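Undergrad:
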Amino acid sequence: MATIQIDKLLETVVKQDASDLHITTGQPPVIRLDGRMFRLETKLLEPTDTVSLMKSITPERNQQELQELGGTDFGFAFGDKGRFRVSVFKQRGHVSMVLRRIPSEFLSFEQLGLPSVVKDLIQRPRGLFLVTGPTGCGKTTTLASMMNWMNHHLEHHMITLEDPIEYYHKHIKCTVNQREIGIDVPNYPEALRRTMRMDPDVILVAEMRDLETIASAITLAETGHLVFATLHTTGAQGTVDRIIDVFPTDQQEQIRTQLSTSIIAILSQALLPKKPKGRIAAFEMLVVTPAIANLIREGKTFRINSSIQTGRKYGMQLLDDSLFDLWHNGLSEEDEVLLKSVSPGELKSRMDRAKRGEIDDDEDEFDDE
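Counting along the sequence shown from 1, when you hit position 115 you're at 123 in the working numbering, and nothing is skipped either side.
1. Would you kindly work out how many angstroms separate the C-alpha atoms of I4 and I312, rounded to a whole number?
2. Three Cβ pairs or more, each shorter than 8 Å: is that satisfied between the segment 113-132 and the segment 148-162?
3. Output the boundary residues of the alpha helix (DSSP H) element that contains T247.
4. Which residue comes first and which comes last in the alpha helix (DSSP H) that contains T224?
5. Quick check on G232: buried or exposed, where buried means 16 or more other Cβ atoms within 10 Å of its Cβ?
6. What's the call for F310, buried or exposed, on a 16-neighbour Cβ count within 10 Å?
7. By a C-beta neighbour count over all protein chains shown, 10 Å radius and 16 as the cutoff for buried, is Q72 buried or exposed?
8. By how many angstroms is the C-alpha of V94 removed from the C-alpha of E170?
9. Ordered along the chain, which non-local residues of its own chain (more than five positions away) have a Cβ less than 8 Å from that of P352?
10. Using 10 angstroms around the beta-carbon of D328, count the other beta-carbons present and answer buried if the total reaches 16, otherwise exposed.
11. Going by DSSP in three states, R93 sits in which element: helix, strand or coil?
12. Which value, in whole angstroms, describes the spacing of the CA atoms of W335 and C145?
13. Suppose contacts are defined by Cβ-Cβ distances below 9 Å. Is L239 in contact with I226 by that definition?
14. Leaving aside the five residues before and after F374 along the sequence, list all residues of the same chain whose C-beta is less than 7 Å from its C-beta, in chain order.
15. Can you tell which of P172, V296, V139 and G78 has its C-alpha closest to the C-alpha of R91?
16. From which residue to which residue does the alpha helix (DSSP H) around E73 run?
17. Looking at the unbroken beta strand (DSSP E) that takes in F291, where does it start and where does it end?
18. Excluding sequence positions up to five away, which residues of its chain have a Cβ less than 8 Å from the Cβ of T203?
19. Would you list, in sequence order, the uninterrupted alpha helix (DSSP H) runs of no fewer than 4 residues that lie entirely inside the segment 256-344?
20. Per DSSP, which one or two residues make a beta bridge with R187?
21. What are the partner residues of I211, as DSSP defines its beta bridges?
22. Would you tell me roughly how many angstroms separate the C-alpha atoms of D25 and L41, rounded to the nearest one?
23. Going by alpha carbons, who is nearest to L339 out of G286, K89, T242 and S314?
24. Pick from E215, I65 and L279: whose alpha carbon is nearest that of I14?
25. On the criterion of 16 or more Cβ atoms from any shown chain inside 10 Å, does N70 qualify as buried, or is it exposed?
26. For chain C, is any of its Cβ atoms less than 9 Å away from the one on I288?
27. Any chance the CB of M158 is under 8 Å from a heavy atom of the ligand FMN?
28. What are the boundary residues of the beta strand (DSSP E) that includes I31?
29. Based on the DSSP secondary-structure assignment, which residues constitute the bridge partners of Q24?
30. Quick one: Cα of L294 to Cα of S357, how far?
31. CA-CA distance, L18 and D249?
32. Can you find the residues in the same chain that come closer than 7 Å, C-beta to C-beta, to K348, ignoring five residues on each side of it along the sequence?
33. How far does the beta strand (DSSP E) with M216 in it extend, from its first residue to its last?
34. Out of curiosity, what's the CA-to-CA distance linking Y175 and S270?
35. Specify, as a first and last residue, the run of the beta strand (DSSP E) that L52 falls within.
36. Could you check which residue in S27, F97 and K181 has the C-alpha nearest to that of E76?
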């Protein structure tokens, strides 16, 4: 029976502490563990297997969407053992699924290794805080950790807009309303339009996918709300450029001005295997100072990276510096660190200098500015 199988497979995911389960025809189920893929020792899945596995967990509404659009996403609780974000799609005419495990417990800032300045930034009364990075780098986990900290320390009305809802937040000190796109509200632009009337302090936009959503998020941040959002970009500099490029040329100058006054921080992250097992994150942290706001307004984003480098006293750091520290402290392998690097050539020569015992002046030359 398919239900028994899916239970057994999910049991394996939970027991092995895997992050994902992949189900597709022509091979056994595959789990992703510490970033690497492993086939389970079961039979090859036939088209009928994948269909019955899909039907055993997919709500009627999503099965219909799969038929009409060729794909669907939903959240699913595996008893009290954990929640999964499920993506069902068709390929070569057959059904495939990817189930991403959502950890049930919130991680602390210390466990995640977040830059310490984050705690100050999330207590600001308004502004736009972006968390960026490629798919699967832990953006959702980082945001859930921030929301959880606020829920324990501040008295706010928090509204989350998610597709689907991943972490469930209880009302602790905050009142938390979580709206699922496609179930509670049809789409992000509509959800954001309605949010204004709900007396929110904090708004989480799980994904800024289009011009309308980006524009609404910036406006909400300008009008006295603290807005958190994610983007699939790497690095602070690339993130600012990407937001501005979404808009038509004749609107870009206005957006630069709006962005320069509303954005408070960009946290960019990468996830890599940790020694000897597990995973660890590297972070780039941009804190928007008046000088950086000027760079954004004047379209001089190419100078953002050097501003991050000279902005250590504000809690800023470049991704490559964070990666260097992970390698230097023996937490990650050299090749894994270089894979995630923005400038692998420069980072490699810095590592080589460190191996030869040459003092790295980069560390100190900016500290007294």
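Quick reminder that beta carbons are idealized off the backbone N, C-alpha and C, glycines included. Remember, it's a predicted structure, so these values are computed and weren't measured experimentally.
TA: Quick look at the numbers:
1. Absent from the model: residue 4. The displayed extent of the chain is 9 to 377, so no value can be given.
2. Below 8 Å, enough C-beta pairs join the segment 113-132 and the segment 148-162 to call them touching: three or more.
3. As a first step, residue 247 must be located in the sequence shown, where it is residue number 239. A244 to V254 is the span of the alpha helix (DSSP H), which, as asked, contains T247.
4. Sequence index remark: in the sequence shown, residue 224 carries index 216 (1-based). At residue 224 the sequence reads Ser, which differs from the Thr that was named. Taken as a continuous stretch (DSSP letters only), the alpha helix (DSSP H) holding S224 covers L219 to E230.
5. Residue numbering aside, residue 232 sits at position 224 when the sequence shown is read from its first letter. It counts as exposed.
6. Taking the sequence shown and counting its residues from 1, one reaches residue 310 at position 302. Residue burial is scored here from C-beta neighbours: F310 has fewer than 16 other C-beta atoms within 10 angstroms and is therefore classed as exposed.
7. Looking up residue 72 in the sequence shown gives position 64. Q72 should be labelled exposed.
8. As a working mapping, residue 170 is identified with position 162 in the sequence shown. As a working mapping, residue 94 is identified with position 86 in the sequence shown. Rounded to the nearest angstrom, the two C-alpha atoms are 14 Å apart.
9. On the sequence shown, residue 352 is found 344 positions in, with the first residue counted as 1. Annotation for P352: L346 place their beta carbon closer than 8 Å to its own, counting only its chain and skipping 5 residues before and after.
10. Translated into positions along the sequence shown, residue 328 becomes position 320. Result: buried.
11. Looking up residue 93 in the sequence shown gives position 85. DSSP places R93 within a strand segment (E or B) once states are collapsed to three.
12. Taking the sequence shown and counting its residues from 1, one reaches residue 335 at position 327. Taking the sequence shown and counting its residues from 1, one reaches residue 145 at position 137. Between the alpha carbons of W335 and C145 lies a distance of about 18 Å.
13. Taking the sequence shown and counting its residues from 1, one reaches residue 239 at position 231. Taking the sequence shown and counting its residues from 1, one reaches residue 226 at position 218. No, the pair does not count as a contact, with Cβ atoms beyond the cut-off.
14. Within the sequence shown, numbered from 1, the residue matching residue 374 stands at position 366. Summary for F374: the model assigns pLDDT 41, below 50, so the residue's position carries little reliability, and this model does not support an answer.
15. Sequence index remark: in the sequence shown, residue 91 carries index 83 (1-based). Per the C-alpha coordinates, the member of P172, V296, V139 and G78 positioned closest to R91 is P172.
16. For the purposes of this step, residue 73 is identified with residue 65 of the sequence shown, where counting begins at 1. For E73, the enclosing alpha helix (DSSP H) stretches over residues E68 to L77.
17. On the sequence shown, position 283 is the one that residue 291 refers to. Secondary structure note for F291: its beta strand (DSSP E) is the uninterrupted segment R287 to V295.
18. For the purposes of this step, residue 203 is identified with residue 195 of the sequence shown, where counting begins at 1. Taken in chain order, the residues that qualify are I167, L169, I211 and L228.
19. With a minimum length of 4 residues, the continuous alpha helix (DSSP H) runs that stay inside the segment 256-344 are 257-270, 298-305, 312-317 and 327-336.
20. For the purposes of this step, residue 187 is taken as residue 179 along the sequence shown, with counting starting at 1. DSSP lists L169 as partners of R187.
21. Reading the sequence shown from its first residue, position 203 is the one you call residue 211. For I211, which the question treats as bridged, DSSP gives the partners I167 and V235.
22. On the sequence shown, residue 25 is found 17 positions in, with the first residue counted as 1. On the sequence shown, residue 41 is found 33 positions in, with the first residue counted as 1. When rounded, the distance between both Cα atoms is 7 Å.
23. In the sequence shown, the residue the question calls residue 339 occupies position 331. The option with the nearest alpha carbon to L339 is G286.
24. Along the sequence shown, one-based indexing puts residue 14 at 6. If you compare the alpha carbons of E215, I65 and L279 with that of I14, the shortest gap goes to I65.
25. Within the sequence shown, the letter at position 62 stands for residue 70. By the 10 Å Cβ count, N70 comes out buried.
26. In the structure shown, chain C does not exist; there is a single protein chain.
27. As far as ligands go, the structure on display features none, and thus does not contain the ligand FMN.
28. For the purposes of this step, residue 31 is taken as residue 23 along the sequence shown, with counting starting at 1. Looking at the DSSP string, the run of the beta strand (DSSP E) that includes I31 is D28 to I31.
29. As a working mapping, residue 24 is identified with position 16 in the sequence shown. According to DSSP, residue pairing for Q24 in a beta bridge does not occur.
30. Counting from one through the sequence shown, the residue named residue 294 turns up at place 286. Counting from one through the sequence shown, the residue named residue 357 turns up at place 349. Annotation: L294 to S357 spans about 24 Å, alpha carbon to alpha carbon.
31. Position 10 of the sequence shown, counted from the first residue, corresponds to residue 18. Position 241 of the sequence shown, counted from the first residue, corresponds to residue 249. The straight-line gap from Cα to Cα measures roughly 40 Å.
32. Working through the sequence shown from its first residue, we reach residue 348 at position 340. Only A278, L280, A290 and L331 meet the Cβ criterion.
33. Residue numbering aside, residue 216 sits at position 208 when the sequence shown is read from its first letter. Careful: M216 lies outside any beta strand (DSSP E) and carries neither H nor E.
34. Residue 175 sits at position 167 when you count from the first residue of the sequence shown. Residue 270 sits at position 262 when you count from the first residue of the sequence shown. Those two C-alpha atoms are separated by around 27 Å.
35. The count along the sequence shown starts at 1 and reaches residue 52 at position 44. Per DSSP, L52 belongs to no beta strand (DSSP E) and is neither H nor E.
36. Counted from its first residue, the sequence shown places residue 76 at position 68. Restricting attention to S27, F97 and K181, the CA atom closest to the CA of E76 is found in F97.
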